[in-house]
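Contents: one structure, followed by commentary.
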Amino acid sequence: MSSSLSAVRFPSLPLSSSTSSARSRTRVFSAMPAVAPATSVEVDAERLEPRVEEQDGFFVLKQKFRQGINPQEKVKIEKEPMKLFVENGIEELAKISMEEIDKAKTTKDDIDVRLKWLGFFHRRKHHYGRFMMRLKLPNGVTTSEQTRYLASVIRKYGKDGCGDVTTRQNWQIRGVVLPDVPEILKGLAEVGLTSLQSGMDNVRNPVGNPLAGIDPQEIIDTRPYTNLLSHYITANSQGNPTITNLPRKWNVCVVGSHDLYEHPHINDLAYMPATKDGRFGFNLLVGGFFSPKRCAEAVPLDAWVAADDVIPLCKAVLEAFRDLGFRGNRQKTRMMWLIDELVSNYDVIQCNMLCE
């Protein structure tokens, strides 16, 4: 993009026309009304400069954008969290006593903040020295072998161990101690599971229809799509550093029926099944979230994507959020705040999607 431009103009995408069949099993959602006129909007070229840049395989915040950032961003700058995984830093960290860890800011931040990139959350205030482990379970599916392994982890910690089933179709296991983390990660990998990128500024567990495959009223079986999303997000459980430095957490779901079990209205990206010109694909909702400070319902992106483009679309939206999102007040860093500021009909994200 030329630096001589004071502003850039992005064209709008036409709203897709969706159809429905007479059979309830194959009904699809009708096209959604745009929330703003399909007109072009102007955005300052300077505001569209990416806030991050690639360094040694990781995306870091540029020096010029570090003023006024929140404490969590400073922790990420001081040390790349994903190095605990890709460079096996967790092996050395697990050998250090909690007393020694607390003596140095770097290692203290490792266990209180950076380990969340690996899915381990230190319960410093309520259960010092114990961790909660959160998994990645697309669509909430586990095999009997995987479930038995998770049960064995819980059983190991006796009265301190327990498991939660979460609202995002996930498992959280409580009571884990730091020396056991490397062995637990190895055990997860052996049964085809991962806890990677399940906390802090990462994409959370992809949600789908909890009755997928057995719901007589389902429009689509969401499991193949949530699996694809999860494989992309974690690069097949090897770690995907292109999207591990987001401004804030990010939720995604694939809707499987008219019951809307997946709560698309509170997801940052929701895939709504729809057909266009006889082709199956998805209408898109973006920006939904709720918090103590604000509740925002997801809004139509005013675009349709073919089923084969689920991952390219997700990648485009995530990279737009990564590059342009706010990194100051943590209460205003979810994607909807970016949408509010930049474009009323989301042309920046649409342009990234088209240029993919």
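In UniProt numbering, the protein residues as written are 1 to 356.
Just so you know, even glycine gets a beta-carbon here, dropped at the ideal spot from N, CA and C.
Note to self: Do A307 and F280 count as a contact pair if the criterion is CB distance below 8 Å?
What the structure shows: Here residue 280 is taken as the residue at index 280 of the sequence shown, counted from 1. Here residue 307 is taken as the residue at index 307 of the sequence shown, counted from 1. Going by C-beta atoms, F280 is nearer than 8 Å to A307.
Notebook entry, point to check: For V165, which residues from the same chain have a beta carbon less than 7 Å from its beta carbon, with the 5 sequence-adjacent residues on both sides left out?
Noted result: Indexing the sequence shown from 1 puts residue 165 at position 165. W171, listed in sequence order.
Margin query: On the DSSP bridge list, what partners appear for L185?
Written below: On the sequence shown, position 185 is the one that residue 185 refers to. Per DSSP, none; premise fails for L185.
Checklist line | Residues bridged to I173 [DSSP beta-bridge criterion] | finding: In the sequence shown, counting from the first residue as 1, residue 173 sits at position 173. According to DSSP, I173 bridges with M133 and G163.
Margin query: Under DSSP, the alpha helix (DSSP H) around V255 begins and ends at which residues?
Written below: Position 255 of the sequence shown, counting from 1, holds the residue named residue 255. Premise fails: V255 is in no alpha helix (DSSP H) and is neither H nor E.
Margin query: With H, G and I counted as helix, E and B as strand and the rest as coil, what does DSSP make of Q63?
Written below: If you number the sequence shown from 1, residue 63 lands on position 63. Note: Q63 maps to helix in three-state DSSP.
Next item on the list: Compare the C-beta of M336 against all C-beta atoms of chain B and say whether one is closer than 8 Å.
Entry: Protein chain content of the structure displayed is limited to a single chain, and chain B is not contained in it.
Note to self: Using DSSP's beta-bridge definition, name the partner residues of L301.
What the structure shows: Looking up residue 301 in the sequence shown gives position 301. In the DSSP output, where bridge partners are listed per residue, L301 has none listed.
Checklist line | CA nearest to the CA of F120, picked from E297, I184 and Q67 | finding: Within the sequence shown, residue 120 is the residue found at index 120, counting from 1. Selected option, being the one with the closest Cα: I184.
Notebook entry, point to check: Is it buried or exposed for N88, if we count other Cβ within 10 angstroms and need 16 for buried?
Noted result: Translated into positions along the sequence shown, residue 88 becomes position 88. With fewer than 16 Cβ atoms within 10 Å of its Cβ, N88 is classed as exposed.
Next item on the list: Quick one: grab the DSSP three-state call for L338.
Entry: Here residue 338 is taken as the residue at index 338 of the sequence shown, counted from 1. Note: L338 maps to helix in three-state DSSP.
Check: In this structure, does DSSP put Q217 in helix, strand or coil?
Finding: For the purposes of this step, residue 217 is taken as residue 217 along the sequence shown, with counting starting at 1. In the structure shown, Q217 sits in coil (DSSP, three-state: anything other than H, G, I, E or B).
Next item on the list: Taking 8 Å as the cut-off, decide whether the C-beta atoms of V86 and G199 are in contact.
Entry: Translated into positions along the sequence shown, residue 86 becomes position 86. Translated into positions along the sequence shown, residue 199 becomes position 199. Not a contact, by the Cβ cut-off of 8 Å.
Notebook entry, point to check: Where G163 and I154 are concerned, what is the direct C-alpha to C-alpha distance, given to the nearest angstrom?
Noted result: Counting from one through the sequence shown, the residue named residue 163 turns up at place 163. Counting from one through the sequence shown, the residue named residue 154 turns up at place 154. When rounded, the distance between both Cα atoms is 7 Å.
Check: Measuring CB to CB, does A212 end up less than 8 Å from D221?
Finding: As a working note, residue 212 is residue 212 in the sequence shown. As a working note, residue 221 is residue 221 in the sequence shown. Result yes, Cβ atoms of A212 and D221 sit closer than 8 Å.
Notebook entry, point to check: Which class does residue 366 belong to by DSSP, given the choice of helix, strand or coil?
Noted result: What the structure shows of the chain is the stretch from 1 to 356, and residue 366 is not part of that stretch, so it cannot be assessed.
Item checked: Cβ pair count under 8 Å reaching 3, the stretch 62-71 against the stretch 91-103 -> no
Next item on the list: Would you mind giving the Cβ-Cβ distance between I90 and L135, rounded to the nearest angstrom? I have them listed as a contact below 8 Å.
Entry: Locating residue 90 in the sequence shown gives position 90, where the first residue counts as 1. Locating residue 135 in the sequence shown gives position 135, where the first residue counts as 1. No, I90 and L135 are not in contact; Cβ-Cβ is about 16 Å, not under 8 Å.
Next item on the list: Work out the CA separation of G161 and I173 for me, nearest whole Å.
Entry: Working through the sequence shown from its first residue, we reach residue 173 at position 173. Working through the sequence shown from its first residue, we reach residue 161 at position 161. Approximately 7 Å between the Cα atoms of the pair.
Next item on the list: Please classify R279: does DSSP put it in a helix, a strand, or coil?
Entry: The residue you call residue 279 lines up with position 279 of the sequence shown. R279: strand per DSSP, three-state reduction.
Notebook entry, point to check: What are the residues that DSSP puts in a beta bridge with T194?
Noted result: Indexing the sequence shown from 1 puts residue 194 at position 194. T194 pairs with K136.
Margin query: Please identify the residue among Y225, N251 and F131 whose C-alpha is closest to the C-alpha of P179.
Written below: Here residue 179 refers to the residue found at position 179 of the sequence shown. Among Y225, N251 and F131, the Cα nearest to that of P179 belongs to F131.
Check: According to DSSP, is E87 helix, strand or coil?
Finding: Indexing the sequence shown from 1 puts residue 87 at position 87. It is coil, neither helix nor strand.
Note to self: On the DSSP letters alone, give me the boundaries of the alpha helix (DSSP H) that F326 sits inside.
What the structure shows: Here residue 326 refers to the residue found at position 326 of the sequence shown. Neither: F326 is in no alpha helix (DSSP H) and is coded neither H nor E.
Note to self: On the CB-based measure, 16 or more other CB atoms within 10 Å of its CB, does I214 come out buried or exposed?
What the structure shows: Taking the sequence shown and counting its residues from 1, the one referred to as residue 214 is at position 214. When all chains shown are included, I214 counts as exposed.
Notebook entry, point to check: Taking the C-alpha atoms as reference points, what is the distance between P50 and A151?
Noted result: Taking the sequence shown and counting its residues from 1, the one referred to as residue 50 is at position 50. Taking the sequence shown and counting its residues from 1, the one referred to as residue 151 is at position 151. The straight-line gap from Cα to Cα measures roughly 44 Å.
Note to self: Please state whether the Cβ-Cβ distance between I219 and R322 is less than 8 Å.
What the structure shows: By one-based count along the sequence shown, residue 219 stands at place 219. By one-based count along the sequence shown, residue 322 stands at place 322. Against a cut-off of 8 Å, the Cβ pair of R322 and I219 comes out as no contact.
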